[in-house]
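Structure first, commentary second.
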Amino acid sequence: MQFGKTDNPSSIDFSLPKDHPDTKEVLAKKKANAKFQVYVGCAKWNKTDLKNFYPKGTKDELHYYATQFNSIELNATFYKSPSKDQVQKWKEKVSKDFKFFPKIPNTISHFKRLTDVDTITNEFCDAVVLFEENLGMSFLQMHDNFKPKDIGVLEKFLKAFPKEVPLAVELRNEEW
Numbered sequence: 130m131q132f133g134k135t136d137n138p139s140s141i142d143f144s145l146p147k148d149h150p151d152t153k154e155v156l157a158k159k160k161a162n163a164k165f166q167v168y169v170g171c172a173k174w175n176k177t178d179l180k181n182f183y184p185k186g187t188k189d190e191l192h193y194y195a196t197q198f199n200s201i202e203l204n205a206t207f208y209k210s211p212s213k214d215q216v217q218k219w220k221e222k223v224s225k226d227f228k229f230f231p232k233i234p235n236t237i238s239h240f241k242r243l244t245d246v247d248t249i250t251n252e253f254c255d256a257v258v259l260f261e262e263n264l265g266m267s268f269l270q271m272h273d274n275f276k277p278k279d280i281g282v283l284e285k286f287l288k289a290f291p292k293e294v295p296l297a298v299e300l301r302n303e304e305w
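Written as structure tokens, this is what we have:
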């Protein structure tokens with residue numbers, strides 16, 4: 130199966146599983162009057178991927194993008210960990226309400242498969258925390274061959290991951 134594609138969608142059971150027993154407890158801790166916020170954005174802001182999105186003559190793509198959307202997936206960090214200077218430059222181009230959702234670099238997730246990555250993980254986190262109020266959820270997208278048998282490696286990584294950086298995990302293998 131190519132991830133996300135199927136020849137016969139009618140053969141797929143799209144029903145939702147029952148809630149985990151802890152779900153009610155977790156949701157009960159959420160304040161009923163807490164502000165609900167939705168973030169909408171793309172994975173990239175460059176002209177090549179967003180054909181005809183930018184007005185002619187747009188010189189600063191991120192600045193314009195941030196006037197149309199309130200977030201970015203920040204796919205660029207998947208391919209190269211940002212420097213602290215780069216994070217500062219990106220942050221200066223957006224409003225205080227804009228959120229960056231940076232991907233953990235593929236060096237960590239795909240090439241090293243979460244093993245012996247403390248130094249590069251900390252370097253990534255030291256940079257993205259500089260987004261400050263603009264930092265949304267960072268996320269770890271695992272290779273589609275990362276299976277439930279690898280759960281111990283993931284648990285070790287998550288325990289060591291800096292707590293000041295919010296993190297979600299995307300497990301792509303269908304065995305999960």
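Residues in the sequence shown are numbered consecutively from 130, following this note's numbering.
Don't be surprised by glycine CBs; every beta carbon is placed ideally from N, CA and C.
- Between the alpha carbons of ASP189 and PHE260 lies a distance of about 19 Å.
- The beta carbon of PHE227 is closer than 7 Å to those of ALA195, ASN199, SER200 and ASN263 in its chain, skipping five residues each way along the sequence.
- Taking C-alpha positions only, SER224 is separated from ASN235 by approximately 28 Å.
- Secondary structure at PHE207: helix, using DSSP grouped into helix, strand and coil.
- Closest option to VAL216, judged by alpha-carbon separation, among VAL257, GLN270, LEU283 and HIS149: VAL257.
- Proximity of the stretch 175 to 194 to the stretch 204 to 223 meets the contact definition, three or more beta-carbon pairs being nearer than 8 Å.
- Around the Cβ of ILE233, a 10 Å sphere holds 16 or more other Cβ atoms; the residue is buried.
- In this model, ASP273 and VAL282 are separated by some 15 Å (Cα to Cα).
- When only Cα atoms are considered, LEU156 and ASP148 end up about 11 Å apart.
- Separation of GLN197 and CYS171 (C-alpha to C-alpha, rounded to the nearest whole angstrom) is 11 Å.
- Beyond the five residues adjoining it in sequence on each side, ASP136 comes within less than 8 Å, by CB distance, of no other residue in the same chain.
- The beta carbon of GLU293 lies closer than 7 Å to those of VAL258 in the same chain, with the five residues before and after it left out.
- Restricted to the stretch 207 to 288, the alpha helix (DSSP H) segments that are unbroken, complete and at least 4 residues in length are 213 to 221 and 247 to 257, listed in chain order.
- Of the other Cβ atoms in all chains shown, fewer than 16 fall within 10 Å of the Cβ of SER139; this residue is therefore exposed.
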